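Below is one structure, written out as structure tokens, with a few remarks after it.
2 protein chains.
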Amino acid sequence: MKVVTIKDVAARAGVSPKTVSRVINGEDHVRAEVREAVQRAVAELDYRPNAFARSLSSSRSYLLGLFIDDPVSGYAADVQHGALLRCRARSYHLVVEPVELSRPEWREQIRGSISSLKLDGAIIAPPVCDEPALVDLFVGAALPHVLMAPSVEAMTSGTVRMDDERAAREMTEHLLAFGHRHIAFVQGPVSHSASARREAGFRAAMAAAGAAVDERAVLRGDFTFRSGMEAGERLLSLKKRPTAIFASNDDMALGVLITAMKCGLAVPEQLSVSGFDDTASSRAAWPQITTIRQPKAEMAAAAVDILTDPRFRRQMGDPEFHLLLPHALIRRGSTGLCLAA
Amino acid sequence: MKVVTIKDVAARAGVSPKTVSRVINGEDHVRAEVREAVQRAVAELDYRPNAFARSLSSSRSYLLGLFIDDPVSGYAADVQHGALLRCRARSYHLVVEPVELSRPEWREQIRGSISSLKLDGAIIAPPVCDEPALVDLFVGAALPHVLMAPSVEAMTSGTVRMDDERAAREMTEHLLAFGHRHIAFVQGPVSHSASARREAGFRAAMAAAGAAVDERAVLRGDFTFRSGMEAGERLLSLKKRPTAIFASNDDMALGVLITAMKCGLAVPEQLSVSGFDDTASSRAAWPQITTIRQPKAEMAAAAVDILTDPRFRRQMGDPEFHLLLPHALIRRGSTGLCLAA
DNA sequence: CTGAAAGCGCTTACAG
DNA sequence: CTGAAAGCGCTTACAG
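Protein chains in written order, with our numbering: chain D, 443 to 783; chain Y, 443 to 783.
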């Protein structure tokens, strides 16, 4: 099976390889009729440019890297899918690279990926986007990168994020509007910068409503189902039991919900439960969990857009490369009127 | 930032580029002292081979493709992670390519990936591994590929699978051993060949135990949580209610479990529920769901091993490239003694 | 065991 | 608007 090359196309169209290259890459300065002749030859021969030859001679690889902590999570799946489809639409490919910060050789692995793959850009997912040692690797390699939901906006990176604090405030207001006053909060892990933003939103809304935060009812979790169950057990055995529990992600909310069931508490009649993220687990429950829809796939797609925008390399600080995407509160069955005494 | 090339290493080590190439690729016929000198130069210069130059001059890309229907599912996440880590260990990279059979241009997309990326091999996940039109694309392109959990073993492909039928039989026997006789079964979608195998295992075990299968209690689902809930509702409203429900994947089992709770049935006291796959949803429930552990990550890793084995290209029919990986029955809280009259 | 030459299939930089 | 030459950084095929 002989491979069709740019020479074959050039010969058939009666032009030079350089002209074929121009047509393929959509450059200007080609007469319309020549362009058409080339396009016809491309179609007839079913020609496909060799990505490696192209990468070797130009400085581009048409490859984007997605650097992510835990590629198995539901969060990662959504992010990846959003990035993948947008890459495809832009004729790029996506390489997923797990960042194993727990392994001593993680820097070496990342540097290997960056330099041998000649990535054109990188998307860095939370929480590792907040790891300065990691981000420095990209800065040092002069590799354009976009941070997803970072704690701060850097001028050397693009950023794509949602307003975690405002979303958490809205969720808290939703619970307050149902008459809840004693609202518990399950914090995320400190390693995720979003945890602090969500907690701040919760506290801001409580303060604005004049509702006191019971510090015994603010518990640390680690975004896992299990930690949600543990927090639920402790919260529900509190002398002054909360009438609503706001867990700062869905997996933990599901844990709280299951615990409530084990304790024989009706949701939402005796306890309201809310989550954050709108992952599959918030829908795979009964009742389904009221949550915040985080635009994960859209954020990843936007990151691809930024990385493939030729202007990005020149002025990364431009506000148009620091996006804030809208979230939404999704009301479902797990929250309702406070019927407590 | 100047890039270190093979020439720089050669100059430093006082040898020719070809010798450096030999050392890097682990070829024979290099004197130990020369080898060491080269390795020293590589380390000192922090040299990393340019993957594109290598791919262009050799016929290899060091790139494997994972072709998968729904890259967002929990199943996909496990598969991907298993493949990713093994690729990394073998100095390969993984490109995930969604197969969107519903889009008319899907063939074109796949062919584009195959030819422009010059993939060294492909892993084809279920259920699309059972789509002949898809597999033909790889056969036609002479691209080595491994099918995951296909309905049949082809001599032109490697295969990695588990024994779905036997696993389903074991699960059914587990329920029978608890004294259940009236066992309902929730089938998977016909598009997944595993559905039929799991159902066959269920029926074989029932027959072997002399337990009649009530055909009204065999319902079709589509592997989603929702279809599990629907099946659960119908099964629990049956005049002759089953004492156990075996759903052929975990998402559906979770749907059944939630439905049982809504109906006020205690699990496992009044109803045993079992699933299949050991995905996150089987653990994120209360009680946790008894299930079959499908070695998803191991299967994907084994597929990478096959594709990177030089012998595979020569004799794909060899039994060593058709693997059957062991499964395990995971007993958890959702199944128990039949306490029905 | 080691190396010089040629080439993989494109694009860059320069002419015209 | 179009093309001839050179080169990207490796490996293949061949000598010696």
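Think of the CB as a built atom: it goes at the ideal place given N, C-alpha and C, for glycine as much as any other residue. The structure presented is a predicted model; accordingly, all values stated were derived computationally and were not measured.
Quick one: does residue i have its CB under 7 Å from some CB of chain D?
i               : result
P513 of chain Y : yes
I565 of chain Y : no
V537 of chain Y : yes
W548 of chain Y : no
L749 of chain Y : no
A485 of chain Y : no
H523 of chain Y : yes
S723 of chain Y : yes
A495 of chain Y : yes
Can you find a CB in chain Y that lies within less than 7 Å of the CB of residue i?
i               : result
K704 of chain D : yes
F667 of chain D : yes
I700 of chain D : yes
Looking only at its chain, what residues have a beta carbon closer than 8 Å to the beta carbon of residue i, apart from the 5 residues adjacent to it on each side?
i               : result
A564 of chain D : L506, G507, L508, F509, I556, F580, L585, P586, H587, V588, L749
V457 of chain Y : V476, A479, V480
V446 of chain D : L487, D488, Y489, R490
A770 of chain D : I734, R735
D720 of chain Y : D692, T733, I734, R735, Q736, I772
When the Cα atoms are used, what is the spatial distance from residue i to residue j?
i               : j               : result
V541 of chain Y : E547 of chain D : 34 Å
M648 of chain D : V628 of chain D : 15 Å
S503 of chain Y : V715 of chain D : 50 Å
M462 of chain D : D520 of chain Y : Note on residue identity: the sequence assigns Val, not Met, to residue 462 of chain D. If you take the alpha carbons of V462 of chain D and D520 of chain Y, they lie about 43 Å apart.
A483 of chain Y : A452 of chain Y : 8 Å
T701 of chain D : E675 of chain D : 6 Å
A518 of chain Y : D512 of chain Y : 7 Å
D692 of chain Y : I731 of chain Y : 8 Å
P459 of chain Y : D450 of chain Y : 9 Å
M613 of chain Y : A642 of chain Y : 12 Å
A619 of chain D : R639 of chain D : 22 Å
R753 of chain Y : S499 of chain Y : 21 Å
G775 of chain Y : W728 of chain Y : 8 Å
V577 of chain Y : H535 of chain D : 21 Å
With H, G and I counted as helix, E and B as strand and the rest as coil, what does DSSP make of residue i?
i               : result
D562 of chain D : coil
T601 of chain Y : strand
R545 of chain D : coil
L508 of chain D : strand
I522 of chain Y : The sequence as given places Gln at residue 522 of chain Y; Ile does not occur at that position. In the structure shown, Q522 of chain Y sits in a helix (DSSP, three-state: H, G or I).
H616 of chain Y : helix
M694 of chain D : helix
S714 of chain Y : strand
D719 of chain Y : strand
F667 of chain D : helix
T461 of chain D : helix
M590 of chain Y : strand
E539 of chain Y : strand
Q481 of chain D : helix
A452 of chain D : helix
R756 of chain D : coil
R662 of chain D : strand
A770 of chain D : strand
R735 of chain D : strand
Q629 of chain D : strand
Run down chain Y in chain order and give the residues with a C-beta less than 8 Å from the C-beta of residue i.
i               : result
N492 of chain D : L498, S558, K560
A518 of chain D : A519
L696 of chain D : A726
S503 of chain D : F494
Quick one: which chain D residues come within Cβ less than 8 Å of residue i?
i               : result
G554 of chain Y : R490
Residues of chain Y with a CB under 9 Å from the CB of residue i: which are they?
i               : result
L526 of chain D : P513, V538, E539, P540
S776 of chain D : Simply none; closest approach about 13 Å.
Starting from the C-beta of residue i, find all residues in its chain whose C-beta is less than 7 Å away, skip the five residues before and the five after it, and write them out in chain order.
i               : result
L677 of chain D : A626, A659, L661, P684, I687
L617 of chain Y : I625, A686, F688, S714, S716, T777
Please list, in chain order, all residues of the same chain as residue i whose beta carbon is under 6 Å from its beta carbon, the five residues on each side excluded.
i               : result
S599 of chain D : H587, L589
H622 of chain Y : T685, A686, C780
I448 of chain Y : P459, V462
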